[in-house]
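Structure record follows, encoded as C-alpha cells.
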Amino acid sequence: MIDIADIPLLLKRHLGLLLLAPLVMVGLAFGLMTFKTPVYSSSTEILLEPEGLRVAALADDVQQQAKSVQDLNIESQAYVILSAGVLDAVAEKLDLDNDPALHKSSSVADEGEASARQLRIETLTALRKVISVKRLSTSFVFSITAEHPDAYRAAEIANATADAYISQLISLRGESIKRTADTMVKQAANLRSQIDKVELEIENYKSQNGLVSTGQGGLVVDQEIQSMSTQITQARVELEKARAAFAMITPLTVADVEKNGLPQQANPNLVLQSLQIQYANISQQLAEADTTFGSNHPARRELQSQLTNVRSQIAQELQRTKGSLKSAYDQARTTLAALENQSTSLQSQNSRQGKAQVELRRLESEAEANRVIYDAFLKRARELQEQSGLDANLTRILSRAEAPDKPTGPRKLFVIIAAAVFGFCLVAGSIIAVAILRGQITSENDLARRTGAPVLTHLPIKTNDIGHATGRMLKTFGGEALTISSQHSMAIARLSYAIRQTYADQKPATLLILATDELSDSTHFSSEIAQKLREMGENVLFARTATEASDAEATTTSIATAEARAPKKRKWASDNDAPVVPQSSHMLSRYLKVDRLDTRRKYATAANLEHVDEDLLIIDGGSAMNNPMLPVLLRHADGIVLVSSLGSTKIGQLDRTLAYLQPWRDRVIGNVVLEAA
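Residue numbering for the sequence shown follows my numbering, starting at 40 and increasing by one per position.
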C-alpha cells in the first residue's frame, strides 16, 4: 500500500505526465466546444394567482382545510403548462410542425390526416424536451425556459407557451365558474324546500306530543326534574350528617362524659360541656378535701353530694341529647323518602315525552344542518353569478422572454478549467493505481522500513522519460539554484563522508554496493564514490564483478578451493561478534576486475589485487538478481550499500534481495535512492 504522505513525491516523479494530460484534455474540450452546434435558451416568468385556481369555497374553515390541496394544485401547474392542450396551441401558432430543429430524425413521410397527426405528436414530444418549467422556491412564480438553435425562435416558443397557458386558464376558469354557479342555484332551491318541510314537521310533532317549553329553559317537566334532583341531593347530605351525629352519640355513657370523652361535632352540646367542666372542678376539690380534712369532714361530704348531683344531671342531659339526634335522623330519612317519591312521579310523567324529545332533536338537527348549507350555497352562488362577467384573473406574465446574445452552456473558461482538472486528476489517479498494482517502492520511508537501514543519500540520474524531461525543463525555467550536476556531486560527497565516518576505526574494510533490482545501474556512481574517497585522502581500491562468461562459470567451481587456500591476513568476526574486516584480498581477485583510480598506480589485472593493502575496497556488485558471485561477495563484505530506484524497484525484488542478505542483514549500512533528474 502507498502511504498518503508518499503521494506528493510519487506525483512529482511524473510531473511531465501530470502537465501533459491537462493540455490534451483542454485541447479536446476546446475542439468540442468549437464544433458543437450552439443552443440558445430563453426564459419567461409568469405569476399564478391562487384564487384563480380555486373555483368555490363555502366557508373560511373550509378555505383553511383546502390550503394543502391548494399547494398541491400550484405544484401541478408545471405539468399543466406542458400538457397537450397548451403545447398544441403553441405548435399551431408558431407552425412548429415544419421546424427542422424539432424534427431532426422524423420518420413521417406520407401526407394525409394520419401523417399530420403523427407529425403533431412528434412536435409535442420534441417540445416537452426543449421546454422546461420550474417553480421559483415556494412562491407562485413559474419560469418557462425554451431551448432552440435559433435564439429568436427560443424566445418565441417560451412566450407562446406562457400566452397559451394563460389563455387556457382564463377560458377554463370562466366555464368552471358558470357551471358551478348554476349547480349551486339548483342545490340552494332544493335545500330551501327541504328546510320548509322539516320545520313544518317539527311544529306538528310538538303539538301532537305536548312538548311545552319556556324558551331557553327547555321543557317544563325537564326543569322540575332538575330542581327535584338538586333537593334530593341536599336531603341526602343532611341525612348523612344526622346519621353520623346519632352514630357518634349513641354509644356514649356517663363515664365517657366524666372522662372528657365527648365527640367532636359540627354543633356541640354546650350543656354537656358545662356539666363536664363542673364535674371536673368538683372532683378536683373533693380530692383536695380527702387530703386535707379526711373522709368524715362535713366539707368533704358536701362536695361528694355536689358530685353526685352533677353526675345525675349529666345522665339526664345525655339521654335528652340522644333522643334529639334520633329525632333529627328520623326526620331526615322521612324528608329524603318524600323527595324521592316526588321525583319518581315526575320521571314517570316525563317518560311519555322521552321518545318524543329524541325524535324532536333529530328533526331540529336536520333542519339546522340544511339551513347552514343553504345559507352558504346561496351566498356563494350569488358571488359566482356576479363574478361570471368579470375578468378577475390575476395570473400574468412578469417578464417576457428575449432573444439571448450568447448560447446556453458553461463558459469556455470554466470548461477549460474543468477539463484541465479532470485530466490532472485522471492521470494522478492512474499513477497511484499503477503504483499500487505494480507494487513499487514509492517513498524513502517505505524503503527504510523494509530494509531496516537509513537512506544515506538521493542520487539524481539522467533519464529520457518525457515526464522527467518536462520536469527538468520546469526546473530550468524556474531558476533553481542547484543544477543536476551539482546535486549529483553533493549526493556523492554526502555518501562518501558517510562511508568514511562509518569505517573510520575499522580499516581495512570492504564495501559492497548492490542494486536491488535489474534496472538500477550502480557502476558509474560506485566509481565516483571511490574517486571521491581518494580525493579525501583515503587509500581506496575500486573493483567490479567480472562480466565475462568464463569468469562467471569459474566462480561456481573455485569458491571452495580459493577460500580453503587463502591465508588469513585480515580478521573475521566470530559468531557472536560483528564483522570487522574481510579475509585476504587475493581470494576475491578471481572474481573482480580492478579499475584505475590513480594514474600513478595501475591495476590492470586481477592478479594485482593480491599485492595491495588499501584501507577501503569498494566493490560494485551490480544487480543482486543477476550476480552469480553474490554469496562470495557477501561473505567478504564488511558493509553493504543497497541501491534502489523509486518508482522502478518493485517490492518483490526488494524482498528477494533482502532474503539473499538475510545472514548478512546486520552489515547493511544504508540505502542509496536513485531519482530521475
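Glycine is no exception: its CB is placed at the ideal position from the N, C-alpha and C atoms.
From a predicted model like this one, the values you see are computed outputs, not experimental measurements.
Nearest-angstrom Cα separation, counted from residue j out to residue i
i: Thr447; j: Ile183; result: 15 Å
i: Leu135; j: Asp202; result: 16 Å
i: Ile456; j: Leu685; result: 31 Å
i: Tyr413; j: Asp221; result: 15 Å
i: Ser176; j: Ile85; result: 14 Å
i: Thr35; j: Ile436; result: Nothing about residue 35 can be read from this structure; the chain reaches only from 40 to 716.
i: Lys217; j: Gln226; result: 14 Å
i: Leu763; j: Ile552; result: The first residue shown for the chain is 40 and the last is 716, placing residue 763 beyond what the model contains.
i: Ser589; j: Ala554; result: Annotation note: pLDDT 39 at Ser589 (below 50); position unreliable, coordinate value reported separately. For Ser589 and Ala554, the distance between alpha carbons rounds to 23 Å.
i: Ile708; j: Leu572; result: 17 Å
i: Val411; j: Lys418; result: 11 Å
i: Ala732; j: Ala338; result: With the chain represented from 40 up to 716, any question about residue 732 goes unanswered, as that position is not in the structure.
i: Gln396; j: Gln265; result: 16 Å
i: Ala352; j: Ser344; result: The residue you asked about is not Ala; residue 352 is Gln in the sequence shown. So the alpha carbons of these two residues sit roughly 13 Å apart.
i: Glu403; j: Asn248; result: 15 Å
i: Glu567; j: Ala537; result: 14 Å
i: Thr327; j: Thr347; result: The sequence shown places Glu at residue 327, not Thr. For Glu327 and Thr347, the distance between alpha carbons rounds to 17 Å.
i: Thr383; j: Ser363; result: 31 Å
i: Gln692; j: Ser525; result: 31 Å
Which of helix, strand or coil DSSP assigns to residue i
i: Tyr204; result: helix
i: Tyr79; result: strand
i: Ile667; result: Residue 667 is actually Pro in this sequence, not Ile. Coil at Pro667, not helix or strand.
i: Pro188; result: coil
i: Lys143; result: coil
i: Gln479; result: strand
i: Lys445; result: coil
i: Thr688; result: coil
i: Ala582; result: strand
i: Asp654; result: coil
i: Gly661; result: strand
i: Ser122; result: coil
i: Ser561; result: coil
i: Arg339; result: helix
i: Arg435; result: strand
i: Met529; result: helix
i: Arg282; result: helix
i: Asp134; result: coil
Cross-strand partners of residue i (DSSP beta bridge)
i: Gly678; result: Leu550
i: Asn710; result: Val494, Leu681
i: Phe181; result: Ile85, Arg174
i: Val397; result: Its beta-bridge partners do not exist; DSSP assigns none.
i: Arg167; result: In DSSP, Arg167 forms no bridge with anything.
i: Pro499; result: Glu714
i: Val633; result: Ala582
Same chain, Cβ closer than 7 Å to residue i, five either side skipped, listed in chain order
i: Glu263; result: Leu385
i: Glu195; result: Leu133
i: Ala467; result: Leu50, Leu57
i: Glu727; result: Here the chain has residues from 40 to 716 only, and residue 727 is not among them.
i: Val224; result: Ala420
Neighbourhood of residue i by C-beta distance below 8 Å, restricted to the same chain and skipping five residues each side
i: Tyr191; result: Ala442
i: Gln381; result: Met267
i: Asn409; result: Leu230, Gln233, Ile234, Val237
i: Thr76; result: Pro188
i: Ala130; result: Asp136, Arg159, Thr162, Leu163, Leu166
i: Ile241; result: Leu399, Leu402, Glu403, Ala406
i: Ala140; result: His187, Pro188, Asp189, Arg192
Nearest candidate by alpha-carbon position, reference residue i, set the options
i: His187; options: Thr222, Gln570, Ser82, Lys689; result: Ser82
i: Val172; options: Phe181, Pro139, Leu553, Thr222; result: Phe181
i: Ile690; options: Ile160, Glu483, Val671, Thr330; result: Glu483
i: Tyr204; options: Glu240, Ser122, Glu131, Leu551; result: Ser122
i: Ala274; options: Arg695, Gln358, Ala376, His675; result: Ala376
i: Phe461; options: Ala328, Met64, Leu230, Leu498; result: Met64
i: Gln116; options: Arg156, Gly55, Thr200; result: Thr200
i: Leu681; options: Asp556, Ser566, Thr330; result: Asp556
i: Val119; options: Asp694, Leu208, Thr562, Gly213; result: Leu208
i: Gly660; options: Phe332, Phe564, Glu574; result: Phe564
i: Asn243; options: Thr330, Arg212, Glu398; result: Glu398
i: Gly124; options: Ser80, Gly66, Gly70, Leu211; result: Leu211
i: Lys451; options: Phe69, Ile46, Pro61, Gly55; result: Phe69
i: Glu35; options: Ala532, Asp544, Lys546; result: Only positions 40 to 716 of the chain appear in this structure, which leaves residue 35 out of reach.
Chain-order list of residues whose beta-carbon lies under 6 Å from that of residue i (same chain, five-residue window excluded)
i: Ser438; result: Glu84
i: Tyr542; result: Ala548
Short CB-CB distance (under 8 Å) between residue i and chain C
i: Lys280; result: Reference to chain C is not applicable here, since this structure consists of a single protein chain.
Heavy atom of the ligand FAD within 7 Å of residue i beta-carbon
i: Thr490; result: Among the components of this structure there are no ligands whatsoever, and the ligand FAD is therefore not found.
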